[in-house]
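All remarks here apply to the structure that follows.
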Amino acid sequence: MKAVWVFLVLAWLSPAHSAGGEPLSFPVNLQQQQVPAVVVLFSLPDCAYCEKVRQQSLRHVSTDPNYRGKVAVYEIDFSDSKRSFIWFDGNRYTGKSLASPLNVKFSPTVMVFNAKGAVAGKPLLGASLPEFYGAYLDQLIKAAWAL
């Protein structure tokens, strides 16, 4: 049984399904956000684990009827020093300039915020185990709704 468990985890994290998919939407102005929860994937280029999180845990949020109109999902490359966006506080940042104040050091990092930019719970770091990742993400989204 343990060997099967290890195989399943390794298969989920396998580079055979590595980076290369389309990134999620890039935020333009989070200060004008109209939804009660905002999920942000902080990623790096060619990050295979980011692709896993993007495909298996975040894309469904955009299509789930329970989240429609209640959650926005964005992706920010936290090594990018060129593309900028307006954060919840009204200031303009790049992924690189925002990483330090948010303590984003690891790829992937998923954070959930309420509509005013308050962080809802602890960030999700890494790819974690797939059967729990979605549940943790759901808890953070519900926490953002409650803030």
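To convert, take the position in the sequence shown, counting from 1, and add 133; that gives the working numbering. By construction, the Cβ of each residue, glycine as well, lies at the ideal position given by its N, Cα and C atoms.
What is the DSSP secondary structure of residue i, counted as helix, strand or coil?
i, result
"Y207", "strand"
"A170", "strand"
"V245", "strand"
"R192", "helix"
"V252", "strand"
"Q200", "Here residue 200 is Tyr; the residue named in the question, Gln, does not match the sequence. DSSP places Y200 in coil when its eight states are reduced to three."
"F265", "helix"
"S233", "helix"
"L257", "strand"
"R225", "strand"
On a CA-only basis, which of the options is nearest residue i? Give me that one, please.
i, options, result
"D210", "P178, V161, A260 and N236", "P178"
"F175", "E208, R187 and F159", "E208"
"V171", "G254, N236 and D213", "G254"
"Q166", "P156, K215 and W220", "W220"
"R187", "K215, R225, E155 and R216", "E155"
"N162", "A260, L258, Y269 and T227", "T227"
"S158", "Q189, S195 and S190", "S195"
"A277", "Y182, N224 and Y200", "Y200"
If you draw a straight line from the C-alpha of residue i to the C-alpha of residue j, how long is it?
i, j, result
"F265", "E184", "17 Å"
"A279", "Q164", "19 Å"
"P198", "G267", "15 Å"
"V204", "K229", "24 Å"
"P256", "H193", "19 Å"
"G202", "K238", "30 Å"
"G259", "L231", "19 Å"
"V252", "K215", "25 Å"
"Y182", "Q189", "10 Å"
So, under 8 Å CB-CB, residue i and residue j are touching, yes? Tell me the CB distance rounded to an integer number of Å.
i, j, result
"G250", "D213", "Actually they are not in contact, since the Cβ atoms of G250 and D213 sit about 20 Å apart, beyond 8 Å."
"F218", "P160", "5 Å"
"P241", "C180", "6 Å"
For this session: Pair every Cβ in the segment 272 to 279 with every Cβ in the segment 241 to 249, then say whether three or more of these pairs are closer than 8 Å.
Result: yes
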